[in-house]
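Numbering (full-length UniProt numbering), first residue to last: 1 to 272.
If you want it as structure tokens, here you go:
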């Protein structure tokens, strides 16, 4: 069934077929309005779902768009760029490039087992994107595998800033995140936005990713497990800062990578 938005013009964009829907919003393929004869749909437009345009959830969705637009001033290679936006009218929207990537959960399922350095590399890229938000006074607020895209080259992009909040600003009384990855203080409600909340989510993702890696010597896994334990500490004051997380992930990535590299020209000795 076609969406009522199909092939309509919204701003300077021609809106194509729906590709995803949830939480009062809907994602559509899009192209410039003057590209009517083009078969290419290189952009994704996110707007309020048509069935909720006048509902209470739509008001909440509009607030989410305002957060996306406000936080989109933060630029980083691992953060999805917002190319165009409109907060006015009954159909606020943002436009992003269409990425040739899948979410982290799907990428993990496509690979039977992968090396520990890959898990650390993916998480480090994600932490660097998070660090850019923190440095500019924002938290993401909902870092989950569904909001992490990984392309065929391993490049990670953090998406969906709909739950972003200014650091130390009051969080909405109604929990809007994903329980499996949310920090306990966020899920409990009645709290201000803390950077440590994102650290907890990153730790949960690293833990989940680690579980899918190939068997590794315990001496390589132990420092990773120690970092995860600190990141998901119930006490936000005991969690490391995002700068410390990036630094430690990079060191662990380099240390564990050595176990998977044989220098050129070096051969493995075999017993006679």
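Virtual Cβ for every residue (Gly too), placed ideally from N, Cα, C. On a predicted model such as this, the values are computed, not experimentally measured, just so you know.
- Residue 173 counts as exposed, since fewer than 16 other beta carbons sit within 10 angstroms of its beta carbon.
- Taken atom to atom, the span from the alpha-carbon of residue 33 to that of residue 83 is near 15 Å.
- Residue 138 sits in a strand when the DSSP states are folded into three classes.
- The way I'd put it, the stretch 109-121 doesn't touch the stretch 138-145; fewer than three beta-carbon pairs between them come closer than 8 Å.
- The secondary-structure analysis by DSSP pairs residue 122 with nothing; it has no beta-bridge partner.
- DSSP links residue 22 through a beta bridge to 25.
- Per DSSP, reduced to three states, the secondary structure at residue 180 is coil, with no helix or strand assignment.
- Sequence-distant partners of residue 169 (beyond 5 residues in either direction) whose C-beta falls short of 7 Å from its own C-beta, in its chain, are 192, 193.
- Per the coordinates, the alpha-carbon of residue 28 lies some 6 Å from the alpha-carbon of residue 15.
- Taking 8 Å as the cut-off, the Cβ atoms of residue 201 and residue 183 count as close.
- C-alpha of residue 37 to C-alpha of residue 19: approximately 21 Å in a straight line.
- Counting of Cβ neighbours within 10 angstroms places residue 253 among the buried residues, the total reaching 16 or more.
- Residue 97 holds the alpha-carbon nearest to the alpha-carbon of residue 31 among 152, 97, 136.
- Less than 8 Å separates the beta-carbon of residue 150 from that of residue 102.
- Spanning the alpha carbons of residue 92 and residue 190 requires a straight line of approximately 28 Å.
- Here the alpha carbon of residue 87 sits roughly 8 Å from the alpha carbon of residue 69.
- Non-local C-beta neighbours of residue 163 in its own chain, meaning closer than 8 Å and more than five positions away in sequence, comprise 64, 67, 140, 141, 142, 176, 177, ordered along the chain.
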